[in-house]
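J.:
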Amino acid sequence: MPSACGSQIDDIEDMVSLEDLTPQDRQFARKSVIPRARKRNHQDPVEELQADSVIPGTQKIWMRTWGCSHNNSDGEYMAGQLAASGYKITEDASEADLWLLNSCTVKNPAEDHFRNSIKKAQEQDKKVVLAGCVPQAQPRMDYLKGLSIIGVQQIDRVVEVVDEAMKGHSVRLLGQKKDKGKRLGGARLDLPKIRKNPLIEIISINTGCLNACTYCKTKHARGDLASYPIEELVERARQSFQEGVCEIWLTSEDTGAYGKDIGTDLPTLLWRLVEEIPQGAMLRLGMTNPPYILEHLEEMARILKHPRVYAFLHVPVQSASDSVLMDMKREYCADDFRRVIDFLKDRVPGITIATDIICGFPGETEEDFQETVELVRHYRFPSLFINQFYPRPGTPAARMEQVPAQTKKQRTKELSQLFHSYNPYDHQVGKRQYVLVTEESFDAQYYVAHNKFYEQVLVPKRSEFKGKMIEVDIYEAGKHFLKGRPVDQSEVFTPSISPPLEKGQVSGLTQVSGLWGTHTHTHTHTHTRAEKGVPSTGC
């Protein structure tokens, strides 16, 4: 939040010396970035440090992230860099000196929460730095005036922006990362980070997409497709496993489009990553749109059957009406989606398919909506994200003739009632399965595990289970979960090749020689663990 006497600088580049360091040098030998100062006479006495002077890197920072796993990954990287630079990341917003708000632009409610948090910070006289897709897409919004912004491709420079915000300066860094004119995927993957869950590594494999959906605001922020090279992604996975991670999530705006800009594809990446996964650890794929997964169905089915890959795929359909899909510019028809689902269900028995649906898109008729209802009734998706349409400012869909609010609300309610009318997990009761335990339930009563199909299994909260693969008998099924009873005398298997980091510990610093010395990686693990008690063909 700018102070009355604080200066405003439109771009942080205005403050950086002409001999600016490369991003890697800056991370490991960061020089202070200072605003231009007036020249002073060399005879002037050296100013003494006052007790109330602002010394960046010593304050407390509270972070809040909204949105997708890609945004969460960005948040982890920003927290890690700030902590490595000396700032303390706190979970208590009231004691923080600065709030770092990492936004999502997918829906109006998410942006409303973001806007309200800015207002709350200002009321509490907190410094503020904004990140994420909202300020990247619309940096000139009135409620963002005078506030510091870090762009989605510039998160490797978050420390510089926070340093200046602490001094009362308003700075913005929104540029794209390029190499010889070609857009890059974003900040380096080997930056320090603080994992929200030390057992789970979120890896962004690409940013942006190849689509131009008429309702999407994220495209304005993340831009066109830009993929990370396979070797960088494999190296990031290796480092994660060396730090005790036992589950990797791959994320992006569209994982299926990975590699199209750099001459490779998603299956090629996945087969390389699978080689690195320790026995018992698991890989979860992120969201993919139907057009690109159609090109790789045979190969994707083989990958999803691999014992160290969850048989789970998130494929948003949005609508089962071809006319609505055309207005959305989704670049596929409903039959393309059915082909993907039918093929994978046939080749990968038990696979979990998650999907998204938008209710009340402009021009959607009752007949259009009923086609979507029939699709849900037919496939009985176990995981269904139902979204009432919200027109996002600046998108083509916002200029279309809108469906009445009451109609949108009624359709959302009808689809939700259909979703809650069936129990997708009843067939699992009585089965014995291996599950990987990675989280704690919201009510803190259970540990949360997942079976081969990425179905949520609640298990007893026993410390020896955390981060382990255990065998359970499924004895109860709810709408969104299963409950498992550990099998007596069954071995508890440890998939991690190293002890996991402590919660809040910065990832990546163990590879540094000296405080900010040469960054090195070593990879020594091999899959020599005995396969005791671990299934050879999946959980």
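Take the sequence shown: its position 247, counting from 1, is numbered 246 in numbering that gives the first Met the number 0, and each next residue is one higher. Think of the CB as a built atom: it goes at the ideal place given N, C-alpha and C, for glycine as much as any other residue. Only a predicted model underlies this, so the values are computations on that prediction, with no experimental measurement involved.
Whole-angstrom Cβ separation of residue 244 and residue 495, contact assumed at under 8 Å?
T.: Their Cβ separation, rounded to whole angstroms, is 7 Å, which keeps residue 244 and residue 495 in contact under 8 Å.
J.: Does DSSP put residue 503 in a helix, a strand or coil?
T.: Coil at residue 503, not helix or strand.
J.: Considering only the alpha carbon of each residue, which of 302, 256, 192, 421 lies closest to residue 620?
T.: There is simply no residue 620 to check, as the chain begins at 0 and stops at 538 in what is shown.
J.: Can you list, in chain order, the residues of its chain with a C-beta nearer than 7 Å to that of residue 289? Leave out the 5 residues immediately preceding and following it.
T.: Once the five neighbours on either side are set aside, the close Cβ partners of residue 289 are 314, 331, 335, 336, 339.
J.: Buried or exposed for residue 57, please, with buried defined as at least 16 other CB atoms from any protein chain shown within 10 angstroms of its CB.
T.: Exposed: under 16 other Cβ atoms inside 10 Å.
J.: Who are the near neighbours of residue 79 in its chain, counting only those whose CB is closer than 8 Å to its CB and skipping five residues on each side?
T.: Hits under 8 Å: 190, 191, 192, 193, 505, 506, 507.
J.: Quick one: grab the DSSP three-state call for residue 131.
T.: Strand.
J.: Tell me where the alpha helix (DSSP H) around residue 239 begins and ends.
T.: Unbroken alpha helix (DSSP H) run through residue 239: 229-241.
J.: Just to confirm, are residue 293 and residue 246 a CB contact at a threshold of 8 Å?
T.: Cβ distance not < 8 Å, so residue 293 and residue 246 don't count as in contact.
J.: Mind checking residue 285: buried by the 16 CB within 10 Å criterion, or exposed?
T.: Answer is buried; the Cβ neighbour count reaches 16.
J.: Whose C-alpha, out of 138, 103, 98, is nearest the C-alpha of residue 121?
T.: Comparing Cα-Cα distances from residue 121 to each of 138, 103, 98, the minimum goes to 98.
J.: Tell me the residue span of the beta strand (DSSP E) that contains residue 313.
T.: From DSSP, the beta strand (DSSP E) with residue 313 extends over 311-313.
J.: Ignore the nearest five residues each way along the sequence and tell me which others in residue 254's own chain have a CB closer than 8 Å to its CB.
T.: Only 204, 205, 265, 284, 285, 286, 287 meet the Cβ criterion.
J.: When burial is assigned at 16 or more other CB atoms within 10 Å of the CB, is residue 443 buried or exposed?
T.: Its Cβ having fewer than 16 others within 10 Å, residue 443 is exposed.
J.: Taking 8 Å as the threshold (C-beta atoms), are residue 447 and residue 469 in contact?
T.: No; because the gap between Cβ atoms is not below 8 Å, this pair is not in contact.
J.: DSSP on residue 136, reduced to helix/strand/coil?
T.: The answer is helix: DSSP assigns residue 136 an H, G or I state.
J.: What residue range is occupied by the uninterrupted beta strand (DSSP E) comprising residue 384?
T.: Segment 382-387, the beta strand (DSSP E) holding residue 384.
J.: Please list the terminal residues of the continuous beta strand (DSSP E) segment that includes residue 426.
T.: Run containing residue 426: none; DSSP gives neither H nor E here.
J.: Pick helix, strand or coil for residue 147, following the three-state DSSP scheme.
T.: Looking at residue 147 - three-state DSSP - the assignment turns out to be strand.
J.: Can you tell me where the alpha helix (DSSP H) with residue 378 in it begins and where it stops?
T.: Its alpha helix (DSSP H) spans residues 365-378.
J.: If we ignore side chains and look at the alpha-carbon of each, how far apart do residue 372 and residue 164 end up?
T.: Cα to Cα, residue 372 sits roughly 50 Å from residue 164.
J.: Looking only at its own chain, which residues have a Cβ that is under 6 Å from the Cβ of residue 357, when we skip the five neighbours before and after it?
T.: Cβ neighbours of residue 357 beyond the five flanking positions: 317, 386, 388.
J.: Under a three-way DSSP split, which group does residue 196 fall into?
T.: Note: residue 196 maps to coil in three-state DSSP.
J.: Please tell me whether residue 402 and residue 436 are closer than 8 Å, where the distance is taken between their beta carbons.
T.: Going by C-beta atoms, residue 402 is not nearer than 8 Å to residue 436.
J.: Return the CA-CA distance between residue 178 and residue 227, expressed in angstroms with no decimal places.
T.: One C-alpha to the other measures close to 12 Å.
J.: Could you tell me if residue 426 is buried or exposed, where buried requires 16 or more neighbouring beta carbons within 10 angstroms of its beta carbon?
T.: Burial call: exposed.
J.: Apart from the five residues just before and just after residue 112, which ones in its own chain have a Cβ nearer than 7 Å to its Cβ?
T.: So the qualifying residues of the chain are 65.
J.: Given that a residue counts as buried once 16 or more other Cβ atoms are within 10 Å of its Cβ, and exposed if not, what is residue 368?
T.: By the neighbour-count rule (16 or more Cβ atoms within 10 Å), residue 368 is buried.
J.: Residue 399 by DSSP, collapsed to three states: which one?
T.: Three-state DSSP puts residue 399 in coil, outside helix and strand.
J.: With distance defined between alpha-carbon atoms, name the residue in 394, 428, 462 nearest to residue 450.
T.: Nearest option by C-alpha distance: 428.
J.: Quick one: measure Cβ to Cβ for residue 150 and residue 135, integer angstroms, because I've assumed they're closer than 8 Å.
T.: Confirmed, Cβ separation roughly 5 Å.
J.: If we count the other Cβ atoms within 10 Å of its Cβ and call it buried at 16 or more, is residue 207 buried or exposed?
T.: Buried: at least 16 other Cβ atoms inside 10 Å.
J.: Tell me the DSSP secondary structure of residue 161 in three-state form.
T.: Helix, per DSSP.
J.: Helix, strand or coil for residue 126, going by three-state DSSP, please let me know.
T.: Strand.
J.: First and last residue of the beta strand (DSSP E) that includes residue 101?
T.: Unbroken beta strand (DSSP E) run through residue 101: 97-102.
J.: Expressed to the nearest angstrom, what Euclidean distance is found between the alpha-carbon atoms of residue 321 and residue 355?
T.: If I take the Cα positions, the gap works out to 16 Å.
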